[in-house]
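One structure is given here, and the rest of the page talks about it.
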Amino acid sequence: MCDTMWKSFEKGGIFAKNSDRSCNEPNLVQFIPGGETGGAPVACTYISVPQEERKYSVLLVRPSWIWGAEMGINEFGVVIGNEAVFTKSKDKKFERLLGMDILRIALERAENAKEGIGEIIKALTKFGQGGNCAFDKKFYYDNSFLVADKNEAYIIETAGFDYKTRKLAGYGNISNRLSIEEDHFAERHTNKLITNFAGALKRQNCACNTIKDAENIRDVFAALRTHDTDDKCKLYKKGSVSSVCMHQSILGDHTTGSMVVDSRESIPVIWITGSSTPCLSVFKPVFFGQNNPPVFLDESESLDYWLKREYLNRAIFAGAIDSDSHIERIRDLEEDFISGYEALLSSGAGIQQLAEFSKKCAEKEEAFINGYSEIIEDVKNRSIKLPGLWAKKTKKLGINVIKR
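One rule links them: number in the working numbering = place in the sequence shown (from 1) + 63.
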């Protein structure tokens, strides 16, 4: 379960997405350089497909074991988010491309949003979609995508090999349900039982209202941190599939990564947590091609980064850290980053100044996290008692996460 949002402004737009997956599944933030490929086939998660002679550089937020990604941006500023949708289509268990693979293929080949839609359609109709999409269970679904560039955005929804597209006007979002009514597409293809169980309509309405009213980057961060309850016991111990910021429940998923892309300036700024649970995490500013944490070239470094913050979050779930004081501290740190970025914009800063600022933000956040080193080790060694579900999950955290 996920939520992806977009809103246009006078200049450019803002894209935002939460990736909701198994709480033990790391979301890696990885920069993958483009260049000449030689045209050799590319091995995706389950199948290999022909490669173009040249691919574009991409910044991906991806599940650790999957070739593709939940969300990402390429060197042309094309940004795509992927969502599960629950349809009546058959043979989803047949291993083809995952929706996340299709997303990466499109980013590596498209120079604008319209081309991104075209690449998604091409991959879908030629190779199809299918295969287990889950980390520690069996879970099969079709996919929808939100594709945007600086000037426009589109939604494409799929069911098997069938699809429909819609251009967004002003704002829009996707939230695990088919919504395109043209040719009765949603009505014909929706699996109503699973879609309703996923809390999709409630999250879609919440995300739509929050992104519609968003006036700045702070509002967008707040949208990704929305919960359907203020009850802390339920929030950190029981979870709900109806929250945009989703917390693990017995049957539901957990927000394992978050990304916001603000393309209103000539140099887009990418805000990434590099960690799960955005309500407890800091969005850090990065700039495409300037690989400061949480962006890494090496997947093992990205994994270590994510796990360190995950152990910290679980200490909060256990009550070993007061959540209110922690949230106040991370919001102060994040506000420092936002105001610093805004000051640089006012001064006309170029990419080198912005990259140096990004590096300093990463260092400040790392120092903040290191202040919890002892507690992180205590959770890692299981000397802190976690709530029942979290205790069970944490025993397996970090095990067999790259290759499945």
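Cβ coordinates follow ideal geometry from the N, Cα and C atoms, glycine included.
Following the DSSP letters along the chain, one finds S388 inside the alpha helix (DSSP H) bounded by residues 386-409.
With fewer than 16 other Cβ atoms inside 10 Å of its own Cβ, D399 counts as exposed.
Bounds of the beta strand (DSSP E) holding T228 are 225-230. The distance from the Cβ of V141 to that of N175 is about 6 Å, consistent with a contact at the 8 Å cut-off.
For the pair G223 and H317, the Cα-to-Cα distance works out to about 26 Å.
Straight-line spacing of the CA atoms in A186 and F431 works out to 43 Å. No Cβ-Cβ contact shorter than 8 Å links R125 with T100. Between G320 and S82, the C-beta spacing is below 8 Å. The beta-carbon separation of S326 and G75, rounded to 4 Å, stays under the 8 Å limit for a contact. Using a C-beta cut-off of 8 Å, the stretch 365-376 makes no contact with the stretch 393-411, since fewer than three inter-stretch Cβ pairs fall below that distance. By the Cβ criterion, the stretch 142-154 is in contact with the stretch 228-246, since at least three pairs of Cβ atoms, one from each stretch, lie closer than 8 Å. The Cβ atoms of Y109 and R159 sit closer than 8 Å to each other. By the beta-carbon neighbour count (other beta carbons within 10 angstroms, threshold 16), T188 is exposed. Bounds of the beta strand (DSSP E) holding F208 are 205-211.
CA-to-CA, the gap between N354 and G135 works out to about 14 Å.
With contacts defined as CB atoms closer than 8 Å, W128 and F198 qualify as a contacting pair. With a minimum length of 3 residues, the unbroken runs of beta strand (DSSP E) contained wholly in the stretch 133-217 fall at 134-137, 142-148, 205-211.
A direct Cα-Cα distance of roughly 5 Å separates Q114 from P104.
Taking the Cα positions, Q192 is about 30 Å away from P357.
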